[in-house]
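**Student:** Residue numbers (this note's numbering), protein chains in the order written: chain A, 1 to 347; chain B, 1001 to 1542.
C-beta atoms are modelled at their ideal positions from N, C-alpha and C, and glycine is treated no differently.
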Amino acid sequence: MPKILLETEGLTVRYQGRTALDSVGLRVAEHETVCVLGPSGGGKSTLLRAVAGLTDLDAGTVRLAGRDQAGVPTHRREVGLMFQDHQLFPQRDVGGNIAFGLRMRRVPRAETGRRVAELLDLVGLPGAQRRAVDALSGGEQQRVALARALAPGPRLLMLDEPLGQLDRDLRERLVVELRQLFRRLGTTVLAVTHDQGEAFALADRVVVMREGRVAQTGTPVEVWRRPADAFVARFLGFRNLVRATVGADGTARTPWGPVPVPEGTPPGPCRLLVRPSGVRLTAPGADPAGPRATVGARTFRGDHVLLHLDPERGPALEAACPLRDAPAEGEAVGVAFDRADVVALPE
Amino acid sequence: MTRAGWTRLALLAPPVAFLGVFFAWPVAAITARGLRVDGGAAEVLTDADTLRVLGFTLWQAAASTALTLALALPGAYVFARLAFPGKRLLHAVVTVPFVLPTVVTGAAFLALVGRGGLLDELWGVRLDTGVWAILLAHAFFNYAIVVRTVGGLWARLDPRQEEAARVLGAGRFAAWRTVTLPALVPSVAAAAPMVFLFTFTSFGIVQILGGPRYATLEVEIYRRTAQLLDLPTAAVLTLLQFAVVAVLLGAHGRIARRGESALALVDPARTVRRPRGAAQWGLLGGTLTVIALLLLLPLAVLVERSLSGPDGYGFAHYRALTSAEGGTFLVAPWEAVGNSLRFAAVATVVALVVGGLAAAALTRRAGRFARGFDALLMLPLGTSAVTVGFGFLIALDEPPLDLRSSWILVPLAQALVGVPFVVRVMLPVLRAVDDRLRQAAAVLGASPLRAWREVDLPLVRRAVLVAAGFAFAVSLGEFGATVFIVRPDAPTLPVAVARLLGRAGELNYGQAMALSTVLMLVCALTLVALESLRPLRTTELV
């Protein structure tokens, strides 16, 4: 069992009557990368600020390496925080920004210089020490902010929407770079993001937050395969969600008609999720149990097409379909459901 | 209470103590003494003389404000949006009158429109017996407030807003009226009350140019206190002025807060263009003419009069300043220069410490209390300086604070008018420092004090210098309070000028002009030094 570096218990923060964090319990083990995922305004940034000691707690504890941090001011917590909009010091150059944390720890000048150069190499900006920060591009600022946060060797590195402001291409490249970097350095990372792709690519473990509460914790695969509830499923982008009742015969009664469920699904009312890959298209009428549907719209998704179907009964359905088999808009199709891609969620 | 709350309280304690002891207590002491005398407050208030003075004070302040706006608003546009050679220098030049001591302004306008003045010599025109001299001198003095407050915002309004309106079908004027004008209203509404405040409490200018016929409340308070020893009336008039100023500041605060709405702002460098078309060239020409006639001509005449003697031009008046023989003073008038510089330097240090602590405490906008204190800090600007000065004499003459014969009284009184400027200059800059920068420093291991030193200080260093410059200039020019408490053997420059002007004789007049010129040069040099290090973000004076 790896050592637990960060542990929060019952963490509660209220802003003017609004509860930003509601009794949040969280554990981050050493060398682990945990991503907190949730919609904007869901309390993710507040969580980081609470751990850093930038926000007063209304209840609960923050423990770092087993030590309660109550009464420990921010500057003695030895954590790193990369702000969403970087917050580089405008009056200092790149080198001055990165050296800041080292100066605060009275690291000798020569060593500071060496360390700054090392970090600039690490983030791919070698020799940028003397550049002004306002002359940097968004991606470069992001790298400097990362180097600045890493420089003092924080016990825990926290990232607030680390790639939020960058364009898509750069973001996808940096996610991979960051993951490799954290692996190599053995850094313990707590990141927050609203982008599930980013979270799944970066994290060992994902924590989904909803309105200040933890909705689900698990590895990216676990969360993707078995969302804890309808909220998490919707947040992950799943649209085929209906109220259903699971019967004893291994099928569920749904507005679309009977849908087969995986073995061992407990009978009774539930929310039923059908992944788009589990919605198979057949010739109209080929499967008498499945509904007929009309293709409403097609969205091209690179390697597949996402079809928006209007079934004759029940709400709209999304189906993933290989490129060459995709029917045209307005075409009539039959629908069958694939048991393996059906998940029964608690009501 | 939170730790931040305690820190704020600790920061506020010295300014509160300073204002309590050196402002509230003397003012309260003198008004209380005045009101105790057979309680004729109601009588004074309903007296025809009082109403006449109050009426004139309000009228001339309103007229001065209107005149200033009419002359300066086109100037605000020209400085905000047009590019022309020498603009930076001219921008500094228009600010000189604002930091000039009021007695210098009075002397300059006397030299222009007064008896034996330039217009009198050329065409036999004298304005010093009418109200126009006062209004023009007030416009001279306040021109910069409007140009800098309104122009500062105008320069940063995103022109694309107007372009968006144009694309949607609005004509050039309609776009200006529907997009730019509403955006400017808050800044005009912030500048106008300040102009009104400064002209409402005007003392030196009205004292010199008003003659026996025109008196503002402040002049009347001086006359009642110093010449007639009529303390009850002075006390009532002080309270009357205080009440009007409190209403004014309250309104100003409300407007300023409303003005903090979100506007689309951009870098001023992106909005300036070379003038194009007859209208823009016309505005530029008109503005340059106003600056030449209203701002530069009086100063030029002042210098000319200081050099002109019975035997043609020369430095005779300046030479006369170095001897005590004229009998106006116990010492040579020239010594006033040294006195003034010394007093102003001490006053600047006091104002910086007091105002700096207050600004640091008010950096975080929070709660009614902070807003209330914010407004309170402006009160010394609007309170009768004469009352403060006389209050010093009667309140600070007993142990434990027996300062009556101490030189420190003068700088303390001068610091009172410096503090509001320090706060006005520092506060916007401190508030513009993103709190998350301080947090970033804290996360990287900087203690709160260290974070302040590493993050705030480098960003506000220039603002501190600018604040120091303004505090120095207004301390140098302070007249109403200083005239009471300064020792006869150590006069300041404005006091010496006023005394020389109050005496008959060509030599006294010439010496007053010479001394005013010296004072003007000191102020102008301070300002030019400031202008070269003005922080980018503060575009307002007050």
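Output yes or no for whether 8 Å exceeds the beta carbon distance between A:Asn97 and A:Val72.
**Tutor:** In the first sequence, counting from the first residue as 1, residue 97 of chain A sits at position 97. In the first sequence, counting from the first residue as 1, residue 72 of chain A sits at position 72. Not closer than 8 Å, so no.
**Student:** Buried or exposed for B:Pro1015, going by 16 or more other Cβ atoms inside 10 Å?
**Tutor:** Position 15 of the second sequence, counted from the start, is the residue given in the question as residue 1015 of chain B. B:Pro1015 is buried by the Cβ-count criterion.
**Student:** Leaving out five residues before and five after B:Ala1183 in sequence, what residues of the same chain have Cβ atoms less than 8 Å from its Cβ?
**Tutor:** If you number the second sequence from 1, residue 1183 of chain B lands on position 183. Excluding residues within five positions, the ones whose Cβ falls inside 8 Å are Leu1153, Leu1157, Gln1161 and Leu1263.
**Student:** So which residues on chain A does B:Leu1459 lean against when the C-beta distance must stay under 7 Å?
**Tutor:** Start at 1 with the first residue of the second sequence, and residue 1459 of chain B comes out as number 459. Simply Gln91.
**Student:** Just by C-beta distance, which residues in the stretch 68-96 of chain A are closer than 7 Å to chain B?
**Tutor:** The residues in question are Thr74, His75, Val79, Gly80, Leu81, Phe83, Gln87, Phe89 and Gln91.
**Student:** Closest by CA to B:Glu1454, which one among A:Pro346, A:Ala99 and A:Leu178?
**Tutor:** Translated into the one-based positions of the second sequence, residue 1454 of chain B becomes position 454. For B:Glu1454, the nearest C-alpha among the options comes from A:Ala99.
**Student:** When you check each C-beta in the stretch 116-139 of chain A against every C-beta of chain B, which residues fall closer than 9 Å?
**Tutor:** Within the stretch 116-139 of chain A, no residue qualifies.
**Student:** Please confirm if A:Leu181 has its CB atom under 8 Å from at least one CB of chain B.
**Tutor:** The sequence position of residue 181 of chain A within the first sequence is 181, counting from 1. No, A:Leu181 lies away from the interface with chain B (no Cβ there is under 8 Å from its Cβ).
**Student:** Could you check if B:Gly1055 is buried or exposed, using at least 16 other CB atoms within 10 Å of its CB as the buried criterion?
**Tutor:** Taking the first residue of the second sequence as 1, we reach residue 1055 of chain B at position 55. So B:Gly1055 counts as exposed.
**Student:** If you measure from the beta carbon of B:Pro1535 to each beta carbon in chain A, is any gap under 8 Å?
**Tutor:** Numbered from 1 along the second sequence, position 535 holds the residue referred to as residue 1535 of chain B. Because B:Pro1535 carries a pLDDT of 46, less than 50, the predicted location of this residue cannot be relied on, and the following value inherits that uncertainty. No, B:Pro1535 lies away from the interface with chain A (no Cβ there is under 8 Å from its Cβ).
**Student:** Report, in whole angstroms, the separation of the C-beta atoms of B:Pro1494 and B:Phe1479, which I expect to be a contact under 8 Å.
**Tutor:** One-based indexing of the second sequence puts residue 1494 of chain B at position 494. One-based indexing of the second sequence puts residue 1479 of chain B at position 479. Their Cβ separation, rounded to whole angstroms, is 4 Å, which keeps B:Pro1494 and B:Phe1479 in contact under 8 Å.
**Student:** Tell me, please, whether the CB atom of B:Arg1436 is closer than 8 Å to any CB atom in chain A?
**Tutor:** Stepping through the second sequence from its first residue, residue 1436 of chain B is reached at position 436. Yes, because at least one Cβ of chain A sits closer than 8 Å to the Cβ of B:Arg1436.
**Student:** Please say whether B:Val1290 and B:Leu1118 have beta carbons closer to each other than 8 Å?
**Tutor:** Counting from 1 along the second sequence, the entry for residue 1118 of chain B is found at position 118. Counting from 1 along the second sequence, the entry for residue 1290 of chain B is found at position 290. No.
**Student:** Give me the Cβ distance between B:Ser975 and B:Thr1238, rounded to the nearest whole Å; I'm assuming they're in contact under 8 Å.
**Tutor:** The shown model of chain B, from 1001 to 1542, leaves out residue 975 of chain B, and the question about it has no answer.
**Student:** Rounded C-beta distance between A:Gly290 and A:Phe337? I'm assuming under 8 Å.
**Tutor:** Indexing the first sequence from 1 puts residue 290 of chain A at position 290. Indexing the first sequence from 1 puts residue 337 of chain A at position 337. Indeed, because the Cβ distance is near 7 Å, the residues count as touching under 8 Å.
**Student:** Give the DSSP-derived three-state secondary structure of A:Leu159 in the structure shown.
**Tutor:** Position 159 of the first sequence, counted from the first residue, corresponds to residue 159 of chain A. If DSSP states are grouped into helix, strand and coil, A:Leu159 belongs with the strands.
**Student:** Could you check which residue in A:Gly212, A:Arg131, A:Val144 and A:Gly101 has the C-alpha nearest to that of A:Leu120?
**Tutor:** By one-based count along the first sequence, residue 120 of chain A stands at place 120. Checking every option, the nearest Cα to that of A:Leu120 belongs to A:Val144.
**Student:** In the stretch 308-333 of chain A, which residues sit with their C-beta less than 7 Å from some C-beta in chain B, listed in chain order?
**Tutor:** Going along the stretch 308-333 of chain A in chain order, one finds no residue with a Cβ nearer than 7 Å to chain B.
**Student:** Using a threshold of 8 Å, state whether the C-beta atoms of B:Thr952 and B:Ala1144 are closer than that.
**Tutor:** Residue 952 of chain B lies beyond the range of chain B shown here (1001 to 1542); nothing can be said about it.
**Student:** With a threshold of 6 Å on Cβ separation, who are the neighbours of B:Leu1307 within its own chain once the five nearest residues in sequence on each side are excluded?
**Tutor:** As a working mapping, residue 1307 of chain B is identified with position 307 in the second sequence. Once the five neighbours on either side are set aside, the close Cβ partners of B:Leu1307 are Tyr1313.
**Student:** Inspect the CB distances between the stretch 1512-1519 of chain B and the stretch 1403-1417 of chain B and report whether three or more fall short of 8 Å.
**Tutor:** Verdict: no, contact absent.
**Student:** At a cut of 8 Å, does the stretch 202-213 of chain A reach the stretch 16-36 of chain A through at least three beta carbon pairs?
**Tutor:** Yes: the two stretches touch, three or more of their Cβ pairs being nearer than 8 Å.
**Student:** Consider the Cβ of A:Ala191: report whether some Cβ of chain B lies at a distance smaller than 8 Å.
**Tutor:** Against the first sequence, residue 191 of chain A aligns to sequence position 191. It does not; no Cβ of chain B falls within 8 Å.
**Student:** Closer than 8 Å, CB to CB, is B:Thr1538 near chain A or not?
**Tutor:** Indexing the second sequence from 1 puts residue 1538 of chain B at position 538. The predicted position of B:Thr1538 is uncertain, since its pLDDT is 40 and thus under 50; a value taken from the coordinates is nonetheless stated next. So no, B:Thr1538 is outside the interface.
**Student:** So if I threshold CB-CB distances at 9 Å, which residues from the stretch 35-67 of chain A count as touching chain B?
**Tutor:** So the close ones are Arg49, Ala52, Gly53, Leu54 and Asp56.
**Student:** Determine the chain A residues that contact B:Val1443 at a beta-carbon separation under 7 Å, and present them in chain order.
**Tutor:** For the purposes of this step, residue 1443 of chain B is taken as residue 443 along the second sequence, with counting starting at 1. Under the 7 Å cutoff, chain A gives Ala52, Thr74, Val79, Gly80 and Leu81.
**Student:** Would you identify the three-state DSSP class for B:Pro1321, choosing helix, strand or coil?
**Tutor:** Against the second sequence, residue 1321 of chain B aligns to sequence position 321. For the sequence presented, residue 1321 of chain B should be read as Leu rather than Pro. Correct three-state label for B:Leu1321: coil.
**Student:** Could you check which residue in A:Arg63, A:Val207 and A:Phe89 has the C-alpha nearest to that of A:Gly42?
**Tutor:** Within the first sequence, residue 42 of chain A is the residue found at index 42, counting from 1. Closest option to A:Gly42, Cα to Cα, is A:Val207.
**Student:** Under the assumption that B:Thr1105 contacts B:Phe1203 (Cβ atoms under 8 Å), give the Cβ distance between them as a whole number of angstroms.
**Tutor:** For the purposes of this step, residue 1105 of chain B is taken as the residue at position 105 of the second sequence. For the purposes of this step, residue 1203 of chain B is taken as the residue at position 203 of the second sequence. Not really, about 11 Å apart at Cβ, beyond 8 Å.
**Student:** Do you know offhand how far B:Arg1537's Cα is from B:Tyr1077's?
**Tutor:** Indexing the second sequence from 1 puts residue 1537 of chain B at position 537. Indexing the second sequence from 1 puts residue 1077 of chain B at position 77. At B:Arg1537, the pLDDT of 41 sits below 50, so the modelled position is not reliable and the matter cannot be decided from this model.
**Student:** Given 8 Å as the limit, is there contact between the stretch 148-161 of chain A and the stretch 186-193 of chain A, that is, 3 or more CB pairs closer than that?
**Tutor:** Taking 8 Å as the limit for Cβ pairs, the verdict is that the stretch 186-193 of chain A does touch the stretch 148-161 of chain A.
**Student:** Return helix, strand or coil for A:Val20, following the three-state DSSP convention.
**Tutor:** The residue given as residue 20 of chain A occupies position 20 in the first sequence. Residue 20 of chain A is actually Ala in this sequence, not Val. Strand at A:Ala20.
**Student:** Please classify A:His304: does DSSP put it in a helix, a strand, or coil?
**Tutor:** The residue given as residue 304 of chain A occupies position 304 in the first sequence. Strand at A:His304.
**Student:** As a quick exercise: from B:Phe1200, B:Pro1085 and B:Leu1248, pick the residue whose alpha carbon is nearest that of B:Ala1189.
**Tutor:** Reading the second sequence from its first residue, position 189 is the one you call residue 1189 of chain B. Checking every option, the nearest Cα to that of B:Ala1189 belongs to B:Leu1248.
**Student:** Opposite A:Gly334 in the DSSP bridges: which residues?
**Tutor:** The residue labelled residue 334 of chain A in the question sits at position 334 within the first sequence. Beta-bridge pairing links A:Gly334 to A:Thr282 and A:Arg292.
**Student:** Span of the beta strand (DSSP E) holding A:Gly80?
**Tutor:** Counting from 1 along the first sequence, the entry for residue 80 of chain A is found at position 80. From DSSP, the beta strand (DSSP E) with A:Gly80 extends over Val79 to Met82.
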